[in-house]
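Following: one structure in structure tokens, then a few remarks.
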Amino acid sequence: MKETCFEVKKMNFVALDFETANHERHSACSVALTVVRNSQIVDNYYTLIKPETPFFWRNVQVHGIHERDVANAPNFAKVWDDMKPCFKENKLIVAHNLPFDQGVLNGCLDYYEIERPHFQTLCTVQSSRRLLTELPNHKLNTVCDHFGINLENHHYALDDSNACATILLHLENNFGTEPLKKLVKHV
Numbered sequence: 073m074k075e076t077c078f079e080v081k082k083m084n085f086v087a088l089d090f091e092t093a094n095h096e097r098h099s100a101c102s103v104a105l106t107v108v109r110n111s112q113i114v115d116n117y118y119t120l121i122k123p124e125t126p127f128f129w130r131n132v133q134v135h136g137i138h139e140r141d142v143a144n145a146p147n148f149a150k151v152w153d154d155m156k157p158c159f160k161e162n163k164l165i166v167a168h169n170l171p172f173d174q175g176v177l178n179g180c181l182d183y184y185e186i187e188r189p190h191f192q193t194l195c196t197v198q199s200s201r202r203l204l205t206e207l208p209n210h211k212l213n214t215v216c217d218h219f220g221i222n223l224e225n226h227h228y229a230l231d232d233s234n235a236c237a238t239i240l241l242h243l244e245n246n247f248g249t250e251p252l253k254k255l256v257k258h259v
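Next up, the structure:
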């Protein structure tokens with residue numbers, strides 16, 4: 073029997089967030105994962121990543137990570153060894169603005185010639201647009217404010233992945249799992 077992301081109306085997923093050094097999709101400079109089992113946050117993972125391309129000042133302005141901060145950090149290929157268990161077949165991977173984070177993941181995997189895993193996805197921007205129609209926008213900080221989620225350091229990957237996970241748990245609590253199941257995609 074295949075593992076599903078919605079067991080007995082409880083959610084199991086991993087929230088993902090990347091920060092990048094520049095516009096290149098393979099320029100990840102940090103990553104965070106927040107692991108949720110039975111609708112509870114149970115684990116976190118965060119690391120800096122040394123990209124193969126230089127930093128662009130605007131990206132540094134957004135997330136505050138400088139080239140000197142990643143000078144001794146591992147490259148993505150080494151980080152992937154730690155991340156890979158979270159991307160098992162049929163696992164649900166969640167991100168706020170999933171196209172960006174999935175694009176960075178795929179860009180890094182392709183750059184290092186690592187086989188892309190297959191998993192399920194759910195975007196909390198799309199979910200909040202669908203379920204929280206009264207909000208003026210669906211940016212991470214706006215949705216966090218709506219639910220009273222403390223987003224201490226926006227664009228710090230671990231705070232963002234924790235916020236994303238908490239948003240999905242609030243959506244589950246307020247709307248149940250049925251409307252969320254309809255938004256899950258397979259890659």
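Using the working numbering, the letters of the sequence shown correspond one by one to residues 73 to 259. Yeah, the Cβ is synthetic: ideal placement off N, Cα and C, and Gly gets one too.
Assigned secondary structure, V259 (DSSP; H/G/I helix, E/B strand, else coil): coil
Candidates L230, N94, T106, Y118, of which the one nearest W129 by Cα: N94
Cβ-based neighbour list, I221, same chain, cut-off 6 Å, excluding 5 preceding and 5 following: A235, T238
Proximal residues to V142 (C-beta, below 6 Å), its chain only, five neighbours per side dropped: C101, L120, K122
Sufficient close CB pairs (3 or more, under 8 Å) joining the region 244-254 to the region 198-216: yes
Chain-order list of residues whose beta-carbon lies under 6 Å from that of H258 (same chain, five-residue window excluded): Q192
Spatially closest choice to L64 from L241, K211, V108, D115, by CA coordinates: For residue 64 there is no data in the structure shown, the boundaries of the chain being 73 and 259.
8 Å contact criterion, which P113 and A149 should meet: CB distance rounded: Sequence check: residue 113 is Ile here, not Pro. The pair is not a contact, with the Cβ atoms about 28 Å apart (cut-off 8 Å).
For T106 and E206, the rounded distance between their alpha carbons: 27 Å
Spatial neighbours of D173 in its chain, beta-carbon cut-off 7 Å, leaving aside the 5 residues before and after: L88, D89, F90, A167
Where D153 falls, given that 16 or more other Cβ within 10 Å makes a residue buried: exposed
For Y164, the first and last residue of its enclosing beta strand (DSSP E): Checking the sequence, you will find Leu at residue 164 rather than Tyr. That run of the beta strand (DSSP E) goes 164-167.
Three-way DSSP call (helix, strand, coil) for I113 in this model: strand
V134, buried or exposed, once every other Cβ within 10 Å from all chains shown has been counted against 16: exposed
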